[in-house]
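Chains as they are written, first to last, in the working numbering: chain L, 93 to 486; chain H, 379 to 557.
Reviewing the structure listed below.
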């Protein structure tokens, strides 16, 4: 049924339809409204057989979810930014222990300097942690990805992060189709773990693994991720068949046929990019857009197939690896090795800097790009500082 | 696409006003997107919120720089927030003020209404957001007053809801009546 909802509440409603048994999180902007929404659904009895636990920190929150999953209960948590950094040890434990937790990350910049606004720095800080990572383009997809995430996590035995752009999506009111409980029950079977903690039949999990076995554990984790690519694509098709709309999958192309330049992005900025692409094409350009929905595992082959006929790939990325540059653009460059495609990195929207259609059109239309372009960089501000850095003695 | 920018101060329901506008548009079968200018939602601080209304899916996610309508909930932010910036030709400006205001803008309709006074009279609190939405419906004709009332009900329940609705109706009638 169609509703006009805040993104966070749409996510909370979709989550409740997935019937989690444990919800545990520590509030941090911009994720807080999701928890408030869930808490209200539990308190009012709309989500039953679910325990909502208050804890002292993000580290505690994910640890509770780990305990819940280890005991065989579908478990959920959410965080943002510094909260994710604070739970980092548990993040690696959850994937290492193969516990299919689902976590929403309301994407936000990392301090210092402290900044509550949106970018993808927090997500990028856990890109190698072994979690499956999805990025939502709209609030509809944000809601849908959660319904997909539990099924995928439990089949692969791997935790999933659903990335939702902080404020831009979490705090935006949009039209969202929330499916019925019956539909979700048909799509997502009850959680039936093959192994779980049971006092009557004790097992140990999380024991130390010596050098004779550790490499194999890591190798198998990598193999599992690679193997899950086909399954994630399949789950996207199954979702479309069941709910009649496209959400999830590996990636999604827009206007790719005959495009000389394809703009790649993750998350909500794809919408503004599509509007920019339409206008550039009306003015005689040949532009397309590609949304990367599944970031981990990295769909290298699917990306190469979608991008190989382009002359130029512009990667609009909301994060920066200081000392090297764009992260996603470098990964795409590697994926395109051997293809005659120029890959350009455009760092945009850091710390909530606005990304406008006008800025994007001007950037995409340029003939030459620097190695790393910072979209909308204020040269008046950096000028003095830059001189100060340059004048320092060696 | 019809774009609305709402200016005011934290505590006046600026963000809620944008959300209610989007709910009203949704109830008429339109697509709508409402969002705040994030981060400064403290009591008394200048706040901006936005709402886009369209017959088609809205993909654009940038702040509204060329609004078809501006609603000002607190006239003391007009200069510092540059509240009238970018208003398009044939656009609308609705200001919460019981005193008039000179209109220096060409081809823009400017309307002042004492929304705080109406709110105090009908609701008993100086919260002008729902009142201004009633006036907005009358001024622009973009949304039906019934849709605005339905949207108010989703945010204010019970007696407070009824009082806000009554106040919005007064503002709507007064705006249509030209008073």
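Just so it is clear, CB atoms sit at the ideal spot from N, CA and C, and this is done for glycine as well.
Could you tell me whether the Cβ of residue i comes closer than 8 angstroms to any Cβ of chain H?
i, result
"residue 364 of chain L", "yes"
"residue 211 of chain L", "no"
"residue 465 of chain L", "no"
"residue 374 of chain L", "no"
"residue 174 of chain L", "no"
"residue 471 of chain L", "no"
"residue 264 of chain L", "yes"
"residue 444 of chain L", "yes"
"residue 140 of chain L", "no"
"residue 62 of chain L", "Residue 62 of chain L lies beyond the range of chain L shown here (93 to 486); nothing can be said about it."
"residue 267 of chain L", "yes"
"residue 259 of chain L", "yes"
"residue 319 of chain L", "no"
"residue 367 of chain L", "yes"
"residue 96 of chain L", "yes"
With a threshold of 8 angstroms between beta carbons, is residue i in contact with chain L?
i, result
"residue 381 of chain H", "no"
"residue 445 of chain H", "no"
"residue 397 of chain H", "yes"
"residue 434 of chain H", "no"
"residue 430 of chain H", "no"
"residue 438 of chain H", "yes"
"residue 506 of chain H", "no"
"residue 401 of chain H", "yes"
"residue 441 of chain H", "yes"
Just to confirm, are residue i and residue j a CB contact at a threshold of 8 angstroms?
i, j, result
"residue 389 of chain L", "residue 320 of chain L", "yes"
"residue 202 of chain L", "residue 214 of chain L", "yes"
"residue 470 of chain L", "residue 431 of chain L", "no"
"residue 541 of chain H", "residue 477 of chain H", "no"
"residue 249 of chain L", "residue 190 of chain L", "yes"
"residue 496 of chain L", "residue 211 of chain L", "This structure does not reach residue 496 of chain L, given that chain L is present from 93 up to 486, and the question cannot be answered."
"residue 407 of chain L", "residue 398 of chain L", "no"
"residue 381 of chain H", "residue 442 of chain H", "yes"
"residue 430 of chain H", "residue 366 of chain L", "no"
"residue 510 of chain H", "residue 395 of chain H", "yes"
"residue 432 of chain H", "residue 379 of chain H", "yes"
"residue 544 of chain H", "residue 513 of chain H", "no"
"residue 114 of chain L", "residue 154 of chain L", "no"
"residue 526 of chain H", "residue 546 of chain H", "yes"
Mapping the DSSP letters down to three states, classify residue i as helix, strand or coil.
i, result
"residue 110 of chain L", "coil"
"residue 116 of chain L", "strand"
"residue 95 of chain L", "strand"
"residue 434 of chain L", "strand"
"residue 462 of chain L", "coil"
"residue 191 of chain L", "coil"
"residue 467 of chain H", "coil"
"residue 414 of chain H", "strand"
"residue 171 of chain L", "strand"
"residue 385 of chain H", "strand"
"residue 266 of chain L", "strand"
"residue 409 of chain H", "strand"
"residue 487 of chain H", "strand"
"residue 387 of chain L", "strand"
"residue 551 of chain H", "helix"
"residue 474 of chain H", "strand"
"residue 443 of chain L", "helix"
"residue 315 of chain L", "helix"
"residue 380 of chain L", "strand"
Out of the options, which has the shortest C-alpha to C-alpha gap to residue i?
i, options, result
"residue 474 of chain H", "H:459, H:483, H:505, H:485", "H:505"
"residue 160 of chain L", "L:102, L:283, L:119, L:234", "L:283"
"residue 455 of chain H", "H:526, H:385, H:439", "H:385"
"residue 229 of chain L", "L:346, L:194, L:473", "L:346"
"residue 435 of chain L", "L:444, L:442, L:424, L:443", "L:424"
"residue 97 of chain L", "L:109, L:117, L:125", "L:125"
"residue 518 of chain H", "H:459, H:495, H:487, H:479", "H:487"
"residue 465 of chain H", "H:445, H:451, H:481, H:472", "H:445"
For the ligand COA, I want to know if residue i counts as a neighbour, meaning its beta carbon is within less than 7 angstroms of at least one of the ligand's heavy atoms.
i, result
"residue 106 of chain L", "You won't find the ligand COA in this model; it holds no ligand whatsoever."
If you measure from the beta carbon of residue i to each beta carbon in chain B, is any gap under 8 angstroms?
i, result
"residue 255 of chain L", "Absent from the structure: chain B. Protein chains present are L and H."
Checklist entry - Closer than 8 angstroms, Cβ to any Cβ of chain H: which residues of the stretch 405-417 of chain L, in chain order? => result none
Item to check | Where the stretch 403-422 of chain H meets chain L: residues whose CB sits under 7 angstroms from a CB there | outcome: 404, 409, 410, 411, 412, 413, 414, 416, 417
Item to check | Residues within the stretch 491-516 of chain H neighbouring chain L, beta-carbon criterion of under 9 angstroms | outcome: none
Next on the checklist: Which residues of the stretch 194-207 of chain L have a Cβ closer than 7 angstroms to any Cβ of chain H? Give them in chain order.
Outcome noted: none
Checklist entry - Along the stretch 428-461 of chain L, what residues have a CB closer than 8 angstroms to any CB found in chain H? => result Within the stretch 428-461 of chain L, the qualifying residues are 444, 446, 447, 448, 449.
Next on the checklist: To be precise: take each residue of the stretch 149-163 of chain L, compare its Cβ to all Cβ atoms of chain H, and keep it if any distance is under 8 angstroms. Which residues remain?
Outcome noted: none
Item to check | Residues in the stretch 348-363 of chain L having any Cβ partner in chain H nearer than 9 angstroms | outcome: Contact annotation: in the stretch 348-363 of chain L, residues whose CB is within less than 9 angstroms of a CB in chain H are 360, 361, 362, 363.
Checklist entry - Given a limit of 8 angstroms on CB to CB distance, which residues of the stretch 99-125 of chain L reach chain H? => result Residues of the stretch 99-125 of chain L with a C-beta atom less than 8 angstroms from some C-beta of chain H are 122, listed in chain order.
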